[in-house]
Amino acid sequence: MGWALAVSFIIGAVCGLRMPVLIFTLVVLGVMIVYAGISYSAGVPLARAIAWGFVFAAVLEAGNIFTHLLLYVFYTRRADGARKRTPQEMQSKYPAD
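Numbering (my numbering), first residue to last: 125 to 221.
Right under this line is the structure:
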C-alpha cells in the first residue's frame with residue numbers, strides 16, 4: 125500500500141504543474157468514488173473502502189499542494205533575487221498612498 129500512496133503523491137504533484145485546481149478536484153473525487161466502488165465490490169467492508177478512498181484523495185491533494193508550494197517558493201525567490209527595488213521605486217505615484 126506504500127507504493128500506491130507514493131504513486132498517488134507523484135501523480136498529484138505532476139497534475140499540479142498543468143491541471144487547474146477545479147478540474148483536479150473533480151478528478152480526485154472521481155478517483156475516490158471509483159476506488160471505493162471497486163474495493164467494495166471486491167469484498168472490502170464499506171467503511172474501510174471509503175476510508176481508503178479518502179486517504180488516496182488526501183495524498184493526491186498533498187502532491188498537488190507540494191507542487192504549488194515549490195512553484196511559489198521558486199518564483200518568489202527568483203523575483204526577489206533578480207531585482208532589488210530602490211526606495212524611490214517603491215514610492216507610489218499616487219499622493220494618497
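By construction, the Cβ of each residue, glycine as well, lies at the ideal position given by its N, Cα and C atoms.
In this chain, the alpha helix (DSSP H) harbouring V145 covers V145 to S165. When DSSP states are grouped into helix, strand and coil, V183 belongs to the helix group. Under the three-state reduction of DSSP, V168 is assigned to coil, being neither helix nor strand.
In this structure, the CA atom of T191 is about 34 Å from the CA atom of P169. If you draw a straight line from the Cα of S163 to the Cα of M156, it comes to about 11 Å.
In this structure, the CA atom of Y199 is about 10 Å from the CA atom of L193.
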